[in-house]
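Chains as they are written, first to last, in our numbering: chain F, 15 to 397; chain A, 15 to 397.
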């Protein structure tokens, strides 16, 4: 049987039917009053999800585009930048900064760990002349399923005086991120994650402090230029022709998010991920991130049982049950697999995934109490 | 009656139903083998439409993103650049180049005119030390409906030795543009034009000569970086998460284009635009571009009759006939209106548009022989 694929990867994530149907409509003129009304609604609702009063720019690009947009509007050649890298996406910040000619310093940790706030404090304390202009960090590291304590890290950065630039690609709309209350200076996200729409849009918001630094940026990128893009946001327009169909879909998705309520969405993600973790352990599997305090609530990385390979697990999950789970990236390829509980995912979906994974491991000869995963999950969800 | 809108603007353009239905499907994983097959087909078919053997990079961005990608991968601070600007989109090349720190020289013409090859020859002849690194030009200037003679202009640039960088956003897939045969070094286009899909994708191809210049570029933009993006093209992949739904739609649209055949597509555009022009003249209207040799076959700009305003024409066309035509841009706002015959447009569509425009002008009190537009169009199409 075909066409029943269920994506349990960190993105793209499942898209609600009413969003898909909206996307399927004939495109509108991007300078029409009808489309301007859609943008007005989208710009307003994005502030709600970003928990900010700052304007949120919508770029037609992948999430990496918004990361590029963040740094290419702030960094001048020779600037000092500190990158907190706990995985591939943290390293991406460093690569972008280096490409812009910044002097990059990094705090790196072993895969599966989060940034230790004391280490950040110590590094920033050494910067007595306040030369570090900005610090990049990742709320949820997609490659490992680790969540940094953004609130604490940002407060330390704030005390130093540098700008905090946060990757919220797989966290916004899934876990709590209070841009204004926590004092985040630049926050970016992408559409195919917590926002429940297909890939193609990315979002960026900046604090007044960040805007002041942007004003001193000598060569902001033309397409991603904050100034020209914000000017259009204030006119309920876009600087260049946007992906109008995706934006119409986004309007519907944001309405669904408001209907459910951000707090409920965050609680749902937490519950589903914790239930999944309990189920996986009950099946005799080892979680890549054991520490509950830093375990992601949108992506869970798992080690395969001894003697069973990640490709075999992914293959049976895909071929027999039409469920796509992600492999590890780079050095973690074939060492872990990753399951997303991100975006449009319900309790039923997690029961489905755990059931299918039990069947997969059973076929592959893994020795465990068949049914224990589903049983543990159901108990967790109803306790 | 609602939901019967017909876009006759220079983009977004109408999208075939089978493309819309493809876009409405649940997103695929962008690293799956299924999606890789779609990319393989898309990358191959794009070469056909670009008439090139060079790799064609697909960016998730607007067409302006690809223009940014062209220059930010070639220009170093202080480089000399010559921009041939016959309208707003020609000026955009100059703005991007200036933002990158280039020394920009321009050849500008009055709105409605094309670049005179002799003037280009004269300007380049003065550059005896061959300091001009690249020349930007526009095949079809969307703001005025003027087409430059790219073949001749590129041959002059080639003789000088500079790179030719061509905006083919509203020309590729509508008018002839032989990238390899004419020796174009960089060619860009966008999805919501000749390619018959909604906005959100942009395309770029570069000659070997351009790739060599790229290698010397000190600060290529991270997101738009040619090297990393082409590496992924060669692996039937993308560097970052692309707009997968739009790419699936593009695959279908490209198949439709191959089915019709590029020569037939170009002939259709020519015939429809020339028929439209004849009809407009028969209705007593003045064309903004009188000279048939430089008149665009994808966008036709028209002056309103004396005493009748552009906003009134656009309003009645929209409210009573659900047809969207574009206003002029900047200085030409309310001075001209623009009708697209671009992409998924048939003879029937042009009959529809001419009929509705006759009705609109009739309501607005324009004195002309009612029916003359449609009659002239039908005769033109059947001569």
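We put the CB at the ideal spot given by N, CA and C, even for glycine.
* Beta-bridge partners of residue 73(F), as assigned by DSSP -> 216(F)
* Are the beta-carbon atoms of residue 188(A) and residue 280(A) separated by less than 9 angstroms? -> yes
* To do: Measuring only between beta-carbons, confirm whether residue 41(F) sits less than 9 angstroms from chain A.
  => yes
* residue 117(F) (DSSP reduced to helix, strand or coil) -> strand
* With 9 angstroms set as the bound, which would you pick, yes or no: does the beta-carbon of residue 394(A) sit closer than that to a beta-carbon of chain B? -> Note that chain B does not occur in the displayed structure, where the protein chains are F and A.
* Is any beta-carbon of chain F found at less than 9 angstroms from that of residue 88(A)? -> no
* What's the gap between the Cα of residue 112(F) and the Cα of residue 242(A)? -> 15 angstroms
* Mind checking whether residue 318(F) and residue 212(A) have CB atoms under 9 angstroms apart? -> no
* **residue 225(A) versus residue 240(A): straight-line alpha-carbon distance, rounded** => 8 angstroms
* Asked: What in chain A is Cβ-close to residue 212(F), meaning under 9 angstroms?
  -> 37, 40, 41, 257, 258, 259, 260
* State yes or no: is the beta carbon of residue 250(A) nearer than 9 angstroms to at least one beta carbon in chain F? => no
* If you compare alpha carbons, which of 65(A), 56(A), 47(A) is closest to residue 192(A)? -> 65(A)
* Nearest-angstrom Cα distance between residue 259(F) and residue 388(A)? -> 33 angstroms
* Is the beta carbon of residue 310(A) sitting closer than 9 angstroms to the one on residue 159(A)? -> yes
* In chain order, what residues of the same chain lie with their CB nearer than 7 angstroms to the CB of residue 148(F), ignoring the 5 residues before and after it? -> 88, 95, 176, 177, 179
* Asked: Can you name the residues of chain A whose CB is closer than 7 angstroms to the CB of residue 286(F)?
  -> What residue 286(F) touches in chain A: nothing, since even the nearest Cβ is about 20 angstroms away.
* Closer than 8 angstroms by beta-carbon distance: list the chain F residues that pair up with residue 192(A), in chain order. => Within 8 angstroms Cβ-Cβ: nothing; residue 192(A) doesn't reach chain F, min ~26 angstroms.
* Asked: Can you list the residues of chain A that residue 76(F) reaches, using a CB-CB cut of under 7 angstroms?
  -> 74, 254, 255, 256
* Out of 210(F), 370(F), 116(F), 183(F), point me to the one whose CA is closest to residue 232(A)'s CA. => 116(F)
* To do: Quick one: grab the DSSP three-state call for residue 352(A).
  => strand
* Asked: Any idea what DSSP makes of residue 154(F), helix, strand or coil?
  -> strand
* Would you tell me roughly how many angstroms separate the C-alpha atoms of residue 168(F) and residue 198(F), rounded to the nearest one? => 6 angstroms
* Can you check whether the CB of residue 257(F) is closer than 9 angstroms to the CB of residue 74(F)? -> yes
* Who are the neighbours of residue 93(A) on chain F, taking C-beta pairs under 7 angstroms? -> None at all; the shortest Cβ gap to chain F is about 13 angstroms.
* Locate the beta strand (DSSP E) running through residue 96(F), then write down its first and last residues. => 94-99
* Asked: In the stretch 119-151 of chain A, which residue ranges form an unbroken alpha helix (DSSP H) of at least 4 residues, counting only runs that do not cross its ends?
  -> 131-140
* Beta-bridge pairing of residue 178(A) - partner residues as DSSP gives them -> 149(A)
* Given a limit of 8 angstroms on CB to CB distance, which residues of the stretch 103-115 of chain F reach chain A? -> 109, 110, 113, 114, 115
* To do: Go ahead and label residue 307(F) buried or exposed: buried means 16 or more other beta carbons lie within 10 angstroms of its beta carbon, across all protein chains shown.
  => exposed
* Can you find a CB in chain F that lies within less than 9 angstroms of the CB of residue 325(A)? -> no
* Taking residue 397(A) as the reference, which of 228(A), 32(A), 68(A), 289(A) has the closest Cα? -> 289(A)
* Taking C-beta pairs closer than 7 angstroms, name the residues in chain F that residue 237(A) reaches, listed in chain order. => 75, 78, 79, 82
* Quick one, are the C-beta atoms of residue 355(A) and residue 392(A) less than 9 angstroms apart? -> no
* Proximity test, Cβ basis, 9 angstroms: residue 44(F) and chain A -> yes
* So the beta strand (DSSP E) residue 317(A) belongs to, where does it begin and stop? -> 313-317
* Asked: Does any CB atom of chain F fall closer than 9 angstroms to the CB of residue 366(A)?
  -> no
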